[in-house]
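Asker: One point on numbering: in the numbering used here, the residue at position 49 of the sequence shown is 49, and numbering is uninterrupted. Cβ coordinates follow ideal geometry from the N, Cα and C atoms, glycine included.
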Amino acid sequence: MRVVIALPLLALAACQVTKDDANDSVSVEYNQDVAENGVAAATNEAGNIAEDIVNDVQQSADKVGNKVDEVQADSKDTNRAN
1 MRVVIALPLL
11 ALAACQVTKD
21 DANDSVSVEY
31 NQDVAENGVA
41 AATNEAGNIA
51 EDIVNDVQQS
61 ADKVGNKVDE
71 VQADSKDTNR
81 AN
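Right under this line is the structure:
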């Protein structure tokens, strides 16, 4: 989601502004290569973030699964003692 917010900023960063005091003029040029590189970097970062989230969720699921197994084992042991 943050990447979508950053896309207009990446497009703005691809603009190159040149001021010519001698001719009293300002020119703005759009550099497509800079824009493409910025989008590629943002896409890679989004992929890395998604991988981190998946890893965290898997680790949390494993921890929950381990706790469930412990509770089930404890309840079976308690039932046998009675």
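1) What does DSSP give as the partner residue(s) for Asp20 in the beta ladder?
2) Classify Val68 as helix, strand or coil using the three-state DSSP reduction.
3) According to the neighbour-count rule (16 or more other Cβ atoms, all chains shown, within 10 Å of its Cβ), is Gly47 buried or exposed?
4) If Val34 sits next to Val17, beta carbons under 8 Å apart, how far is it from one beta carbon to the other, in whole angstroms?
Answerer: The structure says:
1) Ser25
2) helix
3) exposed
4) About 13 Å; that fails the 8 Å criterion.
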